[in-house]
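In my numbering, each number is its position in the sequence shown, counted from 1, plus 64.
Backbone N, C-alpha and C fix where the C-beta goes; we use that ideal spot for every residue, glycine too.
In this text, all values refer to a predicted model and were calculated from it rather than measured experimentally.
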Amino acid sequence: MLTSMQRYTMAVLVRETTGAPPFADEYFCRRLSMGSSRYGMRIVVIPIPSSLSESYIRRGYIYDWKNQKQWLAVHIPTIDLVMNRCLRPLSRRARQQIEAFLPPACSLRERSWSASLPGKWDIYQALSGPGPLRKVLIPTSRVGSSIPWESWLARWPKGLFFKPASGTHGKNTFRLSTLKTPSAWIVEGRNADNEYFHQTFQQASDVSSWLESHQAVQKMIVQPYLELSHFGRVFDIRALLQKNGHGRWTLTGCMVREGPEGSLTSNLHGGGTAYPTDEYLTERYGTDQAALLLQQIRHAAALIPPLLESRFGRLAELGLDFGADADGRLWLIEVNSKPGRTSFAEAKDEHMHALTYTRPLAYARYLLQQIVLADVSRPMKMPNSSSKAGLKRILIPGGQGL
């Protein structure tokens, strides 16, 4: 056991915003802060400006939950561990400034709580080798400067689903499909502000120009559009995997996220709603098929972490988003190394919800105790990090065990 653990500080890097406090992910940071003392740590939140051309990182924020119950600006102390919650990669200048607060001769990679995953295409490539995972992967292509969308539509007549290679919350995603009118097409989806849009085209050349203009702004991937819906509302299943206080991967829980009527995505940021997984799947598929889907999720969840860690380095938690089609076939939609927890807040299961915040702290303590702050940018073999060995059977809402 570590002694005098109160001297250890974990910094949480989040996006700088306007307002009070001036950073994103406030609820997440507050929950970590309020539980950190039980694990012998304190949390300092460091807002990262979107542009560092003139700004410098000088102050952090500590939550005073005992007395004032508010965020207090402080000078940044020496940092022992860094949790990066910024969705965009840190600039070189930001990394250099953060490293100035680390112990002497320590790099940010050496003191990172977790590595970050690259874009969707790289993750797909890492998971698409021979093995049982291939049957749950949606066929995916990288969109280049030339976009053969007509041949893709001939192959996948239900439509094409385009996603940014790097993106979150369902923003800038859209479906391209053929209208009943001959030689007419429709694009519908969500823009950068997560607002619904649609546009029709009468000429194939106009479709090509529109797609090329989007690809020029943001690199994309394309997949066949799958009917992953229930009563006309699209849904997915978020499985949250976290390392626990022994460094083992554990399936914390699952929740269903259902999108609003007419939406192509189920993200809560786009107006979706969360539901207990077992009840939702049982209503949709029946008891036996729901149990089979949950078993398949548990199996996939045991396989994915070691594959990703062998390619991208040590990870601490993963959000796995699954879909199921009308026939009950399971599909892996997306993998996220910085998952949100909003759906678990609506689970009506306080214990499961609390675990989503306490397990990151327990794993941080484990890293300090085991002195395994090694370079997370390269593949690693770490004690007690085996996904298969550490994935526990747990209960999720509705009584089905995972």
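Where the alpha helix (DSSP H) containing Cys93 begins and where it ends: The sequence position of residue 93 within the sequence shown is 29, counting from 1. Secondary structure note for Cys93: its alpha helix (DSSP H) is the uninterrupted segment Glu90 to Ser100.
Closest by C-alpha distance to Gln306, when choosing among Lys412, Gly383 and Ser407: On the sequence shown, residue 306 is found 242 positions in, with the first residue counted as 1. Minimum Cα distance to Gln306 is reached at Gly383.
Secondary structure, beta strand (DSSP E): runs of 3+ residues fully inside the stretch 336 to 375: Runs found: 337 to 340.
Close beta carbons around Pro141, own chain, < 7 Å, minus the five adjacent residues each side: To locate residue 141, count along the sequence shown from 1; it is residue 77. Cβ-Cβ distances below 7 Å link Pro141 to Thr73 and Val108 in the same chain, with the five nearest sequence neighbours on each side left out; the list follows chain order.
Cut-off 6 Å between Cβ atoms - residues of its own chain near Phe265, not counting five sequence neighbours on either side: Here residue 265 refers to the residue found at position 201 when the sequence shown is read from its first residue. Non-local beta-carbon contacts of Phe265 in its own chain, meaning distances under 6 Å to residues more than five positions away in sequence, involve Trp249 and Val271 in chain order.
Sequence-distant residues of the same chain with beta carbon closer than 6 Å to Asp144, five excluded per side: Counted from its first residue, the sequence shown places residue 144 at position 80. Taking C-beta separations shorter than 6 Å and ignoring five residues to either side along the sequence, the partners of Asp144 in its chain run Tyr72 and Thr73, following chain order.
Backbone secondary structure at Gln189 - three-state DSSP: If you number the sequence shown from 1, residue 189 lands on position 125. In the structure shown, Gln189 sits in a helix (DSSP, three-state: H, G or I).
Reduced DSSP secondary structure (H/G/I, E/B, other) of Leu145: Numbered from its first residue, the sequence shown carries residue 145 at position 81. Assignment of Leu145 by DSSP, reduced to helix, strand and coil, places it in the strand class.
Close beta carbons around Gly392, own chain, < 8 Å, minus the five adjacent residues each side: Start at 1 with the first residue of the sequence shown, and residue 392 comes out as number 328. If we look at Gly392 and ignore the five residues flanking it on each side, its Cβ neighbours are Tyr349, Gln353, Leu356 and Leu357.
Whole-angstrom C-beta distance between Leu181 and Phe386, which should lie under 8 Å: In the sequence shown, counting from the first residue as 1, residue 386 sits at position 322. In the sequence shown, counting from the first residue as 1, residue 181 sits at position 117. About 17 Å separates the two Cβ atoms, so there is no contact after all.
Helix, strand or coil at Ala409 according to DSSP, with G and I counted as helix: Here the question's residue 409 lines up with position 345 in the sequence shown. Ala409 falls in the helix class under three-state DSSP.
At least three beta-carbon pairs within less than 8 Å, the stretch 215 to 230 to the stretch 286 to 301: Contact between the stretch 215 to 230 and the stretch 286 to 301 is present: 3 or more CB-CB pairs across the two stretches fall below 8 Å.
Straight-line Cα distance separating Ser374 from Tyr188: Position 124 of the sequence shown, counted from the start, is the residue given in the question as residue 188. Position 310 of the sequence shown, counted from the start, is the residue given in the question as residue 374. Rounded to the nearest angstrom, the two C-alpha atoms are 14 Å apart.
Continuous alpha helix (DSSP H) stretch holding Gln434: start and end: Residue 434 sits at position 370 when you count from the first residue of the sequence shown. Where Gln434 is concerned, the enclosing alpha helix (DSSP H) stretches over Glu414 to Gln434.
Secondary structure of Val399, DSSP reduced to three states: Reading the sequence shown from its first residue, position 335 is the one you call residue 399. If DSSP states are grouped into helix, strand and coil, Val399 belongs with the strands.
Inter-residue spacing [alpha-carbon to alpha-carbon] between Gln360 and Leu166: As a position in the sequence shown, residue 360 is number 296, starting the count at 1. As a position in the sequence shown, residue 166 is number 102, starting the count at 1. A direct Cα-to-Cα measurement between Gln360 and Leu166 gives close to 42 Å.
Distance between Tyr125 and Val78 (C-alpha atoms, nearest Å): The residue given as residue 78 occupies position 14 in the sequence shown. The residue given as residue 125 occupies position 61 in the sequence shown. Approximately 11 Å, taken between the alpha carbons.
Uninterrupted alpha helix (DSSP H) stretches inside the stretch 264 to 297 (no shorter than 4 residues): As far as the stretch 264 to 297 is concerned, its whole alpha helix (DSSP H) runs of at least 4 residues are 268 to 281.
Alpha carbon of Leu394 to alpha carbon of Thr314, nearest angstrom: Along the sequence shown, read from residue 1 onward, the residue named residue 394 stands at position 330. Along the sequence shown, read from residue 1 onward, the residue named residue 314 stands at position 250. Put simply, the backbone Cα of Leu394 is about 21 Å away from that of Thr314.
Separation of Tyr127 from Gly323, as counted between CA atoms: Here residue 323 is taken as the residue at index 259 of the sequence shown, counted from 1. Here residue 127 is taken as the residue at index 63 of the sequence shown, counted from 1. Rounded to the nearest whole angstrom, the C-alpha separation of Gly323 and Tyr127 is 34 Å.
Neighbour-count burial assignment, Tyr427, 16 or more Cβ in a 10 Å radius: Residue mapping note: residue 427 aligns to position 363 of the sequence shown, counting from 1. The residue is buried, with at least 16 neighbouring Cβ atoms inside 10 Å.
Same chain, Cβ closer than 6 Å to Arg405, five either side skipped, listed in chain order: Along the sequence shown, one-based indexing puts residue 405 at 341. Same-chain partners within the cutoff: Thr420.
Closer than 8 Å to chain C by CB, Ala229: Absent from the structure is chain C; it holds one protein chain and no more.
Check whether Asp389 and Leu292 have beta carbons under 8 Å apart: In the sequence shown, the residue the question calls residue 389 occupies position 325. In the sequence shown, the residue the question calls residue 292 occupies position 228. Closer than 8 Å, so yes.
Gly336 versus Ala409: straight-line alpha-carbon distance, rounded: Numbered from 1 along the sequence shown, position 272 holds the residue referred to as residue 336. Numbered from 1 along the sequence shown, position 345 holds the residue referred to as residue 409. Straight-line measurement puts the Cα of Ala409 at about 14 Å from the Cα of Gly336.
In DSSP terms, what His262 is bridged to: The sequence position of residue 262 within the sequence shown is 198, counting from 1. According to DSSP, which records beta bridges pairwise, His262 is partnered with Glu252.
CA nearest to the CA of Phe295, picked from Ser215, Ser178 and Tyr344: Position 231 of the sequence shown, counted from the first residue, corresponds to residue 295. The residue from Ser215, Ser178 and Tyr344 with its alpha-carbon nearest to that of Phe295 is Tyr344.
Secondary structure of Leu315, DSSP reduced to three states: Here residue 315 corresponds to residue number 251 of the sequence shown, with the count starting at 1. Reduced to three states, the DSSP call for Leu315 is strand.
Simplified DSSP assignment, three categories, for Arg219: Here residue 219 refers to the residue found at position 155 when the sequence shown is read from its first residue. In this structure, DSSP gives Arg219 a helical state, which the three-state scheme calls helix.
Gln132 in three-state terms, based on DSSP: Walking along the sequence shown from the start, residue 132 turns up at place 68. DSSP, read as helix, strand or coil, puts Gln132 in coil.
Identified DSSP bridge partners for Val76: In the sequence shown, residue 76 corresponds to position 12, counting from 1. When DSSP reads this structure, Val76 sits in a beta bridge with Val109 and Met147.
Rounded distance between the beta-carbons of Arg321 and Arg302, thought under 8 Å: Within the sequence shown, residue 302 is the residue found at index 238, counting from 1. Within the sequence shown, residue 321 is the residue found at index 257, counting from 1. 6 Å between Cβ atoms; contact.
Start and end residues, beta strand (DSSP E) containing Arg156: Here residue 156 corresponds to residue number 92 of the sequence shown, with the count starting at 1. DSSP places Arg156 outside any beta strand (DSSP E); the residue lies instead in the alpha helix (DSSP H), whose first and last residues are Arg156 to Glu163.
DSSP state of Pro228 mapped onto helix, strand, coil: Counting from 1 along the sequence shown, the entry for residue 228 is found at position 164. Note: Pro228 maps to strand in three-state DSSP.
DSSP three-state assignment for Arg198, whether helix, strand or coil: For the purposes of this step, residue 198 is taken as the residue at position 134 of the sequence shown. Three-state DSSP puts Arg198 in a helix.
Rounded straight-line distance, which links the Cα of Ala380 to that of Ser401: Mapped onto the sequence shown, residue 401 falls at position 337. Mapped onto the sequence shown, residue 380 falls at position 316. Cα to Cα, Ser401 sits roughly 8 Å from Ala380.
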